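One structure is given here, and the rest of the page talks about it.
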Amino acid sequence: MAKVLMKGNEAIGEAAIRAGCLNYFAYPITPQSEVAEYLVKRMPEVGGVFLQGESEVAVGYMIFGAAGAGERVMTTSSSPGISLMSEAISYIAAAQVPAVFVNIVRGGPGLGGILPSQGDYFQATKGGGHGDYRLLVLAPDGVQEAVEMTMKAFDLAEKYRGPVMIMGDGMIGQMMEPVEFPEDLKSEPSNKDDWASNGMSTRKSKKRNLVRSLFLDPKELNENNLALKAKYEQMKREEVLFEGYNTDSDYKVLITSYGTMSRVCKTAIDMMKEQGIEIGLLRPKTLFPFPEDAVFSAATKQSCKNVISIEMSMGQMVEDVERVVKGQREVHFYGECGGDIPTPEKIIEVIKELL
Amino acid sequence: MQTEIKFAGFGGQGILLSAKLLAYAAMKQDYFVAWVPSYGPEMRGGTAYCTVVISDKRIGSPIIKNPSHLVAMNRPSLEKFDQDVKPGGIIMINSSLIPSRSERDDIIELIVPANETAIKAGSVRAANIVALSAFAAKANIVDLDLLKKCVKEEFAAKAKIIPLNMTAFDAGVAIANNS
Chain A
1 MAKVLMKGNE AIGEAAIRAG CLNYFAYPIT PQSEVAEYLV KRMPEVGGVF
51 LQGESEVAVG YMIFGAAGAG ERVMTTSSSP GISLMSEAIS YIAAAQVPAV
101 FVNIVRGGPG LGGILPSQGD YFQATKGGGH GDYRLLVLAP DGVQEAVEMT
151 MKAFDLAEKY RGPVMIMGDG MIGQMMEPVE FPEDLKSEPS NKDDWASNGM
201 STRKSKKRNL VRSLFLDPKE LNENNLALKA KYEQMKREEV LFEGYNTDSD
251 YKVLITSYGT MSRVCKTAID MMKEQGIEIG LLRPKTLFPF PEDAVFSAAT
301 KQSCKNVISI EMSMGQMVED VERVVKGQRE VHFYGECGGD IPTPEKIIEV
351 IKELL
Chain B
1001 MQTEIKFAGF GGQGILLSAK LLAYAAMKQD YFVAWVPSYG PEMRGGTAYC
1051 TVVISDKRIG SPIIKNPSHL VAMNRPSLEK FDQDVKPGGI IMINSSLIPS
1101 RSERDDIIEL IVPANETAIK AGSVRAANIV ALSAFAAKAN IVDLDLLKKC
1151 VKEEFAAKAK IIPLNMTAFD AGVAIANNS
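Chains as they are written, first to last, in this note's numbering: chain A, 1 to 355; chain B, 1001 to 1179.
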């Protein structure tokens, strides 16, 4: 298929349809309302369902219901909306049903602002909802990757039977870039015989599947948590994604950055290269599982003296970077939030102080 | 080589569309492009601006503080962004609505009476197309025939306004060629 010029939000909507998602429930919120605007037109064309919930809390449970019934299902929202859905996300994780959540992050806390931010890193990777669960979190750096990750998210959600999140930011949602859509997947959930609560007549397995998250027997609850834990460990082994930029050079400083912010860092790195200064970048594409080994080995490269995490937040991913660098190098932080994305010039200024 | 063009005006002037058409034409010529809106809270009639980035390699930062060129459709836009343009860039001034001129002497000024030209072509609503074609003819970033085709395709669903926009497009090119 030829390239088309699309807003990130619209492209995410189209990607979902091409991945065979025929159920999209949402509640509008800036800066991602174009996903709903797009899918309200597109879903009827492909025989799918768009339903606007009365609140994000309701949407979260609509997602849970459709997922439990074995349907490919997605919602999109932005920070405060994801907070409201977090209870349902925890239930979905506990009940082990697949669902895709897209968070086009805006500035917070509270109602915050509508401009791009990465202030939901903690929420996405360290909980948000209650209990011992993890979200598999994919962080695109542009429209093309947003499409690829959205499509991949449905497969991952089914592989691990749990919630998967795409964490973008307002810039990725609002920006238009050329995008090519991979071939249609349009497959039914692959393993749903084992867990879906309907479709008995079409199933090979005639076992009665129950969708539940209440386990009053401590032994049973423990078993469920161990099963979840095993999946998270498998994710750490099999799903880590990252990109190195200028990491072949003898860089003195390693930047860790993701999403839109990482692109600004790349421009800064290119500009510094012209001045004869080598800086490396390690960009996590999965925020959970975090690319622990890759960050550690890039940080401890002999030429590297300092590590700096650059984020559109007040310092969140930096805690993971510190955790995996294990004190082998000094880990610094630079970030801004509130919607002003740091410029390449500002990043160069910050980096030069570390040289 | 990377070129950044800021389009600025007030809401309803169609500058987001002009910018999109330029990005679209550049994409058709196999450039990497990004169309980056400013999407802060705005009221009807408030300022609207966006930046198109066109590059022969993958685009890093989509946030541009100093664009190569500026297309200013109203006075506040010129005043706000005049100083940001990189030396040697083009500043297109919609003289129908902007009585003042750039305060710079290191840029190329392109004076286009976009509204008046569009009215002559049939409707003031085509002022954005006049501005787009005049700028594109002066800047020589994308193929003009291809850009014109993109404009035509954009209005495919509203066939009766295609002639207006084609006339406006040609008028814009003529202004740039005679300037």
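Glycine included, every Cβ here is placed at the ideal spot set by N, Cα and C.
All figures in this text were calculated on a predicted structure; none of them were measured in a lab.
- Excluding its 5 nearest sequence neighbours in each direction, A:V105 has C-beta neighbours in its own chain below 8 Å: S78, S79, P116, S117, Q118, G119, D120, M167, G168, D169 and G170, listed in chain order.
- Between the segment 1066 to 1073 of chain B and the segment 1028 to 1036 of chain B, the count of C-beta pairs closer than 8 Å stays below three; the two stretches do not touch.
- Within chain B, the residues placing a beta-carbon under 7 Å from that of A:D270 are G1060, ordered along the chain.
- A distance below 9 Å separates the beta carbons of B:A1126 and B:A1118.
- In this structure, A:A88 lies near A:G129, with their beta-carbon atoms less than 9 Å apart.
- In this structure, A:N191 sits near A:E158, with a CB-CB distance shorter than 9 Å.
- Just measuring C-alpha positions, the residue of A:K346, A:I351 and A:K266 sitting nearest A:K252 is A:I351.
- Interface with chain B (9 Å Cβ-Cβ cutoff): A:V264 is included.
- In this chain, the beta strand (DSSP E) harbouring B:P1037 covers F1032 to P1037.
- Identification of residues in the segment 1017 to 1040 of chain B having a C-beta nearer than 8 Å to some C-beta of chain A yields K1020, A1023, Y1024, M1027, F1032, V1033, A1034, W1035, V1036, P1037, Y1039 and G1040, given in sequence order.
- Taking C-beta separations shorter than 6 Å and ignoring five residues to either side along the sequence, the partners of A:V137 in its chain run A124, T125, M165, M167, L287 and F288, following chain order.
- The beta carbon of A:M317 sits closer than 6 Å to those of Y121, S309 and E311, all from its chain and outside the five residues before and after it, given in chain order.
- In this structure A:D293 is exposed. Its beta-carbon is surrounded by fewer than 16 other beta-carbon atoms within 10 angstroms.
- Taking a Cβ-Cβ threshold of 8 Å, the residues of chain B close to A:P178 are M1027, F1032 and V1033, in chain order.
- In this structure A:F215 does not touch A:R18 by the C-beta definition: roughly 37 Å separates them, more than the 8 Å allowed.
- Taking C-beta separations shorter than 7 Å and ignoring five residues to either side along the sequence, the partners of A:D250 in its chain run E278 and S303, following chain order.
- Within chain A, not a single residue places a beta-carbon under 9 Å from that of B:I1015; the smallest gap is close to 14 Å.
- As computed with DSSP, B:E1109 is found in a beta bridge with B:I1091.
- Taking B:N1074 as reference, the option from B:I1141, B:A1131, B:F1169 and B:T1003 with the minimal CA-CA separation is B:A1131.
- The segment 1050 to 1062 of chain B makes contact with the segment 1004 to 1017 of chain B: 3 or more CB pairs, one atom from each, lie closer than 8 Å.
- Residue environment: B:N1140 is assigned as exposed (fewer than 16 neighbouring CB atoms within 10 Å of its CB, all protein chains considered).
- Under the DSSP assignment, A:G170 falls outside any beta strand (DSSP E), being part of the alpha helix (DSSP H) whose first and last residues are G170 to Q174.
- Here A:N224 has F215 as same chain residues with Cβ atoms under 6 Å from its own Cβ, once five neighbours each way along the sequence are excluded.
- At a cut-off of 9 Å between C-beta atoms, B:K1065 counts as an interface residue with respect to chain A.
- Annotated as distal: A:A268 and A:L282, with beta-carbon spacing of 9 Å or more.
- A contact between stretches requires three or more CB pairs, one per stretch, nearer than 8 Å, and the segment 30 to 38 of chain A fails this requirement with the segment 193 to 204 of chain A.
- B:F1081 and A:A196 have their C-alpha atoms spaced approximately 57 Å apart.
- Around the beta carbon of A:V307, 16 or more other beta carbons sit within 10 angstroms, so the residue counts as buried.
- About 4 Å separates the beta carbons of B:A1025 and B:L1147, which is inside the 8 Å limit, making them a contact pair.
- Under DSSP, A:R283 shares a beta bridge with A:E243.
- Its chain contains A1008 and G1009 as the residues whose beta carbon lies nearer than 6 Å to that of B:S1077, once the 5 sequence neighbours on both sides are disregarded; these appear in chain order.
- Using beta-carbon distances, A:L5 counts as an interface residue toward chain B, with a partner under 9 Å.
- If you keep only unbroken alpha helix (DSSP H) runs of at least 4 residues inside the segment 304 to 337 of chain A, you get 317 to 325.
- Interface residue (Cβ-Cβ distance to chain B less than 9 Å): A:T267 is classified as such.
- Cβ-Cβ distances below 8 Å link A:L210 to S197 in the same chain, with the five nearest sequence neighbours on each side left out; the list follows chain order.
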